[in-house]
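A quick write-up on the structure given underneath.
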Amino acid sequence: PETEEETFWMFFSLMECSHLNGFYRRQFPLLQRYLWAFEELISSTLPDLQQHFCKENLQHTVYLHQWFLTLFISSLPLPMVLVFWDAIICGGLQEILPISLSVLQLLKATLLKMKFEEIVSFFKTMRSQQQEDCDFESIARIAVLGSDSISIPDHILEVLRRPLPLRTDDLMERTPQSPPRRRMDSDEDFALSMTSPCSTGATSSEGSAWDYLRQIRINPGVLSWWEDTKLGLGLGPETSW
Numbered sequence: 002p003e004t005e006e007e008t009f010w011m012f013f014s015l016m017e018c019s020h021l022n023g024f025y026r027r028q029f030p031l032l033q034r035y036l037w038a039f040e041e042l043i044s045s046t047l048p049d050l051q052q053h054f055c056k057e058n059l060q061h062t063v064y065l066h067q068w069f070l071t072l073f074i075s076s077l078p079l080p081m082v083l084v085f086w087d088a089i090i091c092g093g094l095q096e097i098l099p100i101s102l103s104v105l106q107l108l109k110a111t112l113l114k115m116k117f118e119e120i121v122s123f124f125k126t127m128r129s130q131q132q133e134d135c136d137f138e139s140i141a142r143i144a145v146l147g148s149d150s151i152s153i154p155d156h157i158l159e160v161l162r163r164p165l166p167l168r169t170d171d172l173m174e175r176t177p178q179s180p181p182r183r184r185m186d187s188d189e190d191f192a193l194s195m196t197s198p199c200s201t202g203a204t205s206s207e208g209s210a211w212d213y214l215r216q217i218r219i220n221p222g223v224l225s226w227w228e229d230t231k232l233g234l235g236l237g238p239e240t241s242w
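Numbers given in the working numbering equal positions in the sequence shown, counted from 1, plus 1.
What follows is the structure in structure tokens.
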């Protein structure tokens, strides 16, 4: 029961305090902001991969919708998801952006060799292509460590943290007698350029890049975030929380 209660309040904190619920509101207002932010970041962080995706007419929404809406849980192997959730819970919802870019950085060498159908197929089957000889947890730790070097500019953070627009539907739910009103705190004051030169329209085929991940050499000194935190606080690795 205690574990169930802790799980509930952790989920409540994600939804309310971290504003994850904005991902699931009508018209997905927060999701749209995060997709825009990702487009801004990948252009400066991974320009070669961005160019390759555009060349193959691949829009990032092909994989980002699942990554963001489920916080990776329906798209990546569970050992990776658990590490990513630790980072998101401790660092905030915005951590999903540098983590996503770091994952793409790890896969970049292989993705650059793939065509559209292979890329789409891989992203759709990443969770199901788990292999016993692949240390997904350590790979996730490397991705989290790599995400530390990817900073989100202040102007992007400011947009992500703005209050979500209050729409007519919200007002009607709270005050049924009130006449319809135009949405408040509109996002119209900034332009989220969601148009992209890339477009999709092909079917998927077989394709995998886990062979590349298995070749990643794990540095024995790589620590999980909680081990790093313990050392940073002057606590021993054997300390329990």
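Beta carbons are placed, not taken as given, at the ideal position from N, Cα and C, and that holds for glycine. These numbers come from a predicted model, not from an experiment.
Discussion item. Using a Cβ-Cβ cutoff of less than 6 Å, which residues in the same chain neighbour Tyr213 once the five nearest sequence positions on both sides are dropped?
Written reply: Annotation note: pLDDT 46 at Tyr213 (below 50); position unreliable, no value reported.
Fill in: Residue of Ile120, Leu59, Val104, Ser148 minimising C-alpha distance to Phe137
Shortest Cα-Cα distance from Phe137 to any of Ile120, Leu59, Val104, Ser148 involves Val104.
Worksheet item: Where does the unbroken alpha helix (DSSP H) through Pro53 begin, and where does it stop?
Response: At residue 53 the sequence reads His, which differs from the Pro that was named. Counting along the chain, the alpha helix (DSSP H) containing His53 begins and ends at 48 to 56.
Discussion item. I need the straight-line Cα distance from Ser254 to Gln51, nearest angstrom please.
Written reply: Because the chain in this structure spans residues 2 to 242, residue 254 falls outside the shown range and cannot be described.
Worksheet item: How do the region 143 to 163 and the region 114 to 125 stand: do at least 3 beta-carbon pairs fall below 8 Å, yes or no?
Response: No, because fewer than three Cβ pairs between the region 143 to 163 and the region 114 to 125 fall closer than 8 Å, the two stretches do not touch.
Worksheet item: Is the beta carbon of Glu41 less than 7 Å from the beta carbon of Ile153?
Response: With a cutoff of 7 Å on beta-carbon distance, Glu41 and Ile153 are scored as not near each other.
Discussion item. Pop quiz: Leu108 and Tyr35 are said to be a contact at Cβ under 8 Å. What is the actual Cβ separation, rounded to whole angstroms?
Written reply: About 20 Å separates the two Cβ atoms, so there is no contact after all.
Worksheet item: If you check the beta carbons only, do His61 and Leu113 fall under 7 Å apart?
Response: At least 7 Å separates the beta-carbon of His61 from that of Leu113.
Fill in: Neighbourhood of Ser205 by C-beta distance below 7 Å, restricted to the same chain and skipping five residues each side
Residue placement at Ser205 cannot be trusted, given a pLDDT of 37 that sits under 50; what the coordinates show is reported in the next sentence. Once the five neighbours on either side are set aside, the close Cβ partners of Ser205 are Glu118, Val121, Ser122, Lys125.
Worksheet item: So Gly147 is in the alpha helix (DSSP H); what residue range does that whole segment cover?
Response: Run containing Gly147: 137 to 148, per the alpha helix (DSSP H) assignment.
Worksheet item: What residues in its chain sit with their C-beta under 7 Å from that of Arg128, if we drop five residues either side in the sequence?
Response: So the list reads Ser75, Ser76, Leu77, Pro78, once near-sequence residues are dropped.
Practice prompt. Drop a sphere of 10 angstroms on the beta-carbon of Tyr64, count the other beta-carbons inside from all chains shown, and report buried for 16 or more, exposed for fewer.
Written response: Here Tyr64 is buried, its C-beta having at least 16 other C-beta atoms within 10 Å.
Item to complete: Give the straight-line distance between the Cα atoms of Arg26 and Arg142, rounded to the nearest whole angstrom.
Response: Between the alpha carbons of Arg26 and Arg142 lies a gap of roughly 31 Å.
Practice prompt. State the Cα-Cα distance for the pair Leu15 and Phe24, rounded to the nearest angstrom.
Written response: Rounded to whole angstroms, Leu15 to Phe24 spans 11 Å at the Cα level.
Practice prompt. Look at the Cβ atom of Leu94, then the Cβ atom of Leu21, and state whether they are nearer than 7 Å.
Written response: Contact flag set, yes.
Worksheet item: From this set, Ala144, Glu5, Phe13, Glu17, which residue's C-alpha is nearest Met83's C-alpha?
Response: As written in the sequence, residue 83 is Leu, which differs from the Met given in the question. Distance from the Cα of Leu83 is smallest, within the candidate group Ala144, Glu5, Phe13, Glu17, for Ala144.
Worksheet item: Which residues in the same chain have their Cβ closer than 8 Å to the Cβ of Leu70, if we skip the five residues on either side of it in sequence?
Response: Around Leu70: Phe24, Tyr25, Leu32.
Worksheet entry | CB-CB length for Phe39 against Ser101, believed under 8 Å | About 7 Å; that satisfies the 8 Å criterion.
Worksheet item: Roughly how many angstroms lie between the CA atoms of Glu6 and Cys91, to the nearest whole one?
Response: The straight-line gap from Cα to Cα measures roughly 19 Å.
Worksheet entry | Limits of the alpha helix (DSSP H) - the one that Phe117 falls within | Looking at the DSSP string, the run of the alpha helix (DSSP H) that includes Phe117 is 117 to 126.
Discussion item. Rounded to whole angstroms, what is the Cα-Cα separation between Pro80 and Trp86?
Written reply: Near 10 Å, if we compare the C-alpha coordinates of Trp86 and Pro80.
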